[in-house]
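A quick write-up on the structure given underneath.
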Amino acid sequence: MRAAPFVKVCCITSLDEAHLAIDAGAAALGLVSAMPSGPGVIDEATIAAIAAAVQRDVETFLLTAHTDAAAIVAQHRRCRTTTLQLVDTLAPRELRELRRALPSRVTLVQVVHVTGPSALDEALAVAPMVDALLFDSGNPALAVKQLGGTGRTHDWAVSREIVERAGVPVWLAGGLNAGNVFEAVASVRRTAWTCATACAATAGSMRANCARSSMPRPRRAKGDRHHDRALPRRRCRRRAALLPRAGLRLADRWGPPFAVLKGKGLTLWLARPGTSARKKLLSGALPAPGGWNRIVVETKDLDATLAKAVAAGGHARSKAIKGPGGRQVLVDDPSGNPVEVFEARGA
């Protein structure tokens, strides 16, 4: 049985190239804004025109090299793409601000340049704060940063380890072509999460035969339960439609694992595996549905607040646990009711 891969063609420079890529099978288009180096850069007016012209079921990616949230939000407002591809590293504070400022329908994809094993730690740190990761072969450490479009491959074994541990959808990029994409997908595994990115920019405009040759149909792994996994924006949109019926709205989201919902007099925090609220305690107990619902007390000084709670007769279930959004401790009050004391990162 075969399944069509989710393919993004990057470095689209015109509406004609966009239609050519879509006709060849691309489900997403990469539109490159100003970069320190690399191919395919076009002006923002062209990006906005292409994003507005293509059909709604095609994802449009704005590749941005900005590293501050305000500049990225302003750029997105000018370009109006469905997705932001962050090709450089943003500080956690900037990522959180970016997520708050953007409409929830906009997907955040963080590029991880796989220059060596250290990429694993980088990917695991940022994964809870974005919707997806993209593995590329640039080198941000150079005097003139390489943030994509190098035509180089990277160590797919590192990418595979990230896929197995990050828990978010991934894109695979970096020197992929019709001659190596099968090997790349087989090496990284979980092919339903691994999306090939083909670079359309060469010495001239993309040709039809180039587009078609870079979009093979890899086999889906037998028994792969995730073959229908699409970009998270579509899932979030369907689920978000249910919120108004419950009198709730999405107020904040820190990547796929964590969301804040608000209603009349109620703030509800939802946490999946990957957040501090779902990590093991010192006793080995693992939070699970039922019996773990609690009031959250936000503080700017977790240690001081915890000391006061314990002095008042509370019992801390563990030491401070660190997650993508900050630190938290679960405290049982004198009556046995669980209360979470939470300190946001950067507070």
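Using my numbering, you'd call the opening residue of the sequence shown number 26 and step up by one each time. All residues carry an ideal CB built from backbone N, CA and C; glycine is no exception.
Sort out for me which residues DSSP pairs residue i with in a bridge.
| i | result |
| --- | --- |
| W196 | L159 |
| R352 | K347 and E368 |
| I320 | V364 |
| E84 | A53 |
| D357 | H340 and P363 |
So, helix, strand or coil for residue i, using DSSP?
| i | result |
| --- | --- |
| T178 | coil |
| H138 | strand |
| R7 | The chain is shown only over 26 to 372; residue 7 falls outside these bounds and no answer can be derived. |
| P363 | strand |
| A43 | helix |
| D48 | helix |
| A168 | coil |
| H340 | strand |
| T92 | coil |
| L111 | strand |
| A332 | helix |
| V98 | helix |
Alpha carbon to alpha carbon, how far is residue j from residue i? Give it in angstroms, no decimals.
| i | j | result |
| --- | --- | --- |
| C36 | L275 | 33 angstroms |
| D180 | F160 | 10 angstroms |
| V66 | V169 | 16 angstroms |
| G141 | V183 | 7 angstroms |
| A310 | I346 | 13 angstroms |
| F31 | L355 | 41 angstroms |
| W294 | P194 | 22 angstroms |
For residue i, collect the residues of the same chain with a Cβ closer than 7 angstroms to its Cβ; drop the 5 residues on either side in sequence, then sort them by chain order.
| i | result |
| --- | --- |
| D357 | G339, H340, R342 and P363 |
| I97 | T89, H91, L109 and L123 |
In chain order, what residues of the same chain have a beta carbon less than 6 angstroms from the beta carbon of residue i, not counting five sequence neighbours either side?
| i | result |
| --- | --- |
| T107 | E84 and T85 |
| P359 | G338 |
| T330 | T324 and V366 |
| V285 | A276, D277 and W294 |
| G290 | none |
Could you pull the start and end residues of the beta strand (DSSP E) that residue i belongs to?
| i | result |
| --- | --- |
| A78 | Element bounds for A78: not the beta strand (DSSP E) but the alpha helix (DSSP H), E69 to A78. |
| T292 | L291 to A296 |
| G288 | F283 to G288 |
Name the two residues that bound the continuous alpha helix (DSSP H) containing residue i.
| i | result |
| --- | --- |
| A17 | Nothing can be reported for residue 17: it is not among the residues displayed for the chain, which extend from 26 to 372. |
| A150 | S143 to V151 |
Short of 8 angstroms in beta carbon distance, which residues of its chain neighbour residue i, apart from the five on each side in sequence? Order them along the chain.
| i | result |
| --- | --- |
| A78 | L40 and A43 |
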